[in-house]
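For reference, the structure is listed below as structure tokens.
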Ligand SMILES: C[S@@+](CC[C@H](N)C(=O)[O-])C[C@H]1O[C@@H](n2cnc3c(N)ncnc32)[C@H](O)[C@@H]1O
Ligand code: SF4
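Residue numbers (our numbering): 115 to 523.
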């Protein structure tokens with residue numbers, strides 16, 4: 115072991131394990147040879163040896179008890195006596211160009227699983243929207259998505275235009291219920307690049323049970339209207355995507371949903387997910403739905419989605435291919451750091467208040483310094499608490515609010 119505490123503290127003293135993080139189930143607590151306690155564990159960092167030999171993704175042992183940082187034997191055995199001279203643990207995405215901002219929490223549906231129905235019903239103000247764009251001049255792709263229906267915002271097309279006029283690519287996720295003739299014309303003329311439509315079931319009655327207030331036929335007709343208007347008027351965009359949520363009673367419906375959506379203009383398969391089991395979502399679910407959240411029920415739905423998604427890619431283009439074609443820097447799944455599941459989303463999520471949260475499943479602002487109406491993106495990214503949160507998430511040291519997320523096993 116080599117003690118690299120001085121190097122670590124010189125480079126980034128604020129990068130430390132959170133005092134309280136969810137237990138690591140995938141690795142036993144390591145023994146710290148300095149203080150003799152069992153509270154040590156591994157993180158990943160780039161380490162420089164000698165003058166210029168950087169060894170990427172080296173394992174570094176950190177002891178929570180004595181606060182020391184060590185390189186274990188296996189991290190330097192190849193280096194012929196060269197000593198570590200620098201360390202860099204900022205390995206997460208440092209220059210995001212994808213921002214997801216919530217336009218509204220209001221909606222014309224009342225899906226029983228939607229956390230947005232319990233949130234304050236509000237729209238982002240035009241001033242705040244403009245401020246966010248001003249504060250994030252390097253943004254290239256803007257997802258107008260949140261816990262509401264984006265098209266319910268009265269200024270939706272003004273916001274889309276404000277962004278496209280700046281050369282920003284706009285994408286949305288919609289419930290697909292408001293694709294009237296006048297709206298499909300506005301969508302095409304606004305230059306929105308991608309419209310993803312959520313469909314939970316291929317059967318109208320089952321659809322209406324989860325998408326309360328929704329009508330499957332109206333959604334499908336609207337999608338078709340959008341695709342037809344776009345094609346007949348020579349617009350290249352929007353490309354039309356498909357996503358949705360599956361439950362135990364609908365887990366085998368994916369092939370039918372894909373076929374139906376494709377027949378009505380869907381071209382891109384985005385993603386299907388099971389009911390979100392995060393602890394901040396649980397209180398909103400009706401009691402009758404709780405059996406669907408047992409780990410057995412969840413893994414059945416996940417397996418069905420994985421199985422049928424493969425076939426879906428034969429029918430529709432994958433969203434990954436679409437992102438590559440369009441040059442969209444977007445990854446939902448993170449880069450594994452080789453130790454345990456972690457969180458390294460290459461995009462930022464902001465609530466309609468402009469508050470950036472660590473991921474789209476966290477709806478409570480964490481720090482006033484992470485607000486894009488008041489601070490520049492560079493200031494948010496450089497904020498020490500923000501960096502420390504990213505460091506911990508990247509290393510799979512999840513805070514309490516991540517409880518229930520599928521990454522935490
Ligand atoms: C929050 S909605 C917002 C956009 C739009 N109103 C819509 O429904 O598509 C985005 C997606 O999240 C999914 N979703 C919402 N709440 C969920 C939950 N608790 N569990 C799983 N998926 C959920 C919806 O099915 C939808 O596909
Ligand atoms: S349509 Fe979307 S925003 Fe509206 S209630 Fe359903 S999930 Fe929530």
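Yeah, the Cβ is synthetic: ideal placement off N, Cα and C, and Gly gets one too.
Own chain residues within Cβ distance below 6 Å of residue i, not counting five before or after
i, result
"residue 240", "269"
"residue 453", "156"
"residue 245", "487"
"residue 465", "216"
Residue i to residue j span [Cα, whole Å]
i, j, result
"residue 278", "residue 284", "7 Å"
"residue 130", "residue 506", "8 Å"
"residue 175", "residue 185", "6 Å"
"residue 154", "residue 183", "9 Å"
"residue 254", "residue 286", "14 Å"
"residue 416", "residue 367", "13 Å"
"residue 170", "residue 162", "8 Å"
"residue 364", "residue 288", "20 Å"
"residue 382", "residue 440", "13 Å"
"residue 142", "residue 299", "58 Å"
"residue 463", "residue 138", "26 Å"
"residue 410", "residue 377", "33 Å"
"residue 294", "residue 258", "19 Å"
"residue 460", "residue 210", "6 Å"
Residue i: first and last residue of the uninterrupted alpha helix (DSSP H) it sits in
i, result
"residue 296", "295–304"
"residue 229", "It is not in any alpha helix (DSSP H) - residue 229 carries neither H nor E in the DSSP assignment."
"residue 275", "270–279"
"residue 484", "Taken as a continuous stretch (DSSP letters only), residue 484 belongs to no alpha helix (DSSP H), as it is neither H nor E."
"residue 376", "368–377"
"residue 506", "498–508"
Three-state secondary structure (DSSP) of residue i
i, result
"residue 237", "strand"
"residue 336", "helix"
"residue 174", "strand"
"residue 161", "strand"
"residue 207", "coil"
"residue 148", "coil"
"residue 491", "helix"
"residue 317", "coil"
"residue 169", "strand"
"residue 253", "coil"
"residue 189", "helix"
Endpoints, the beta strand (DSSP E) within which residue i is located
i, result
"residue 312", "308–312"
"residue 259", "It is not in any beta strand (DSSP E) - residue 259 carries neither H nor E in the DSSP assignment."
"residue 185", "183–185"
"residue 424", "First-last for residue 424: 409–429, but that is the alpha helix (DSSP H), not the beta strand (DSSP E)."
Any chain C beta carbon closer than 8 Å to residue i
i, result
"residue 278", "Among the chains in the structure shown there is no chain C, since it carries only a single protein chain."
Residues near residue i in its chain [Cβ-Cβ closer than 8 Å; skip 5 each side]
i, result
"residue 272", "240"
"residue 419", "360, 365, 368, 386, 387, 388"
"residue 379", "337, 338, 340, 341, 342, 354"
Close-in-space but distant-in-sequence residues of the same chain around residue i (CB under 7 Å, 5 per side omitted)
i, result
"residue 266", "218, 220, 221, 222"
"residue 147", "115"
"residue 422", "368, 369"
Item to check | Cβ pair count under 8 Å reaching 3, the stretch 117–135 against the stretch 196–203 | outcome: yes
Item to check | the stretch 309–327 in contact with the stretch 348–362 per 3-pair CB rule at 8 Å | outcome: yes
Checklist entry - Can you find at least 3 beta carbon pairs, one from the stretch 230–245 and one from the stretch 406–422, that sit closer than 8 Å? => result no
Item to check | At least 3 beta-carbon pairs within less than 8 Å: the stretch 497–517 vs the stretch 478–488 | outcome: yes
Checklist entry - Counting pairs of beta carbons, one from the stretch 312–330 and one from the stretch 211–230, are three or more of them closer than 8 Å? => result yes
Item to check | Cβ pair count under 8 Å reaching 3, the stretch 318–325 against the stretch 395–402 | outcome: no
Checklist entry - Does the pairing of the stretch 424–435 with the stretch 454–463 give three or more beta-carbon distances under 8 Å? => result no
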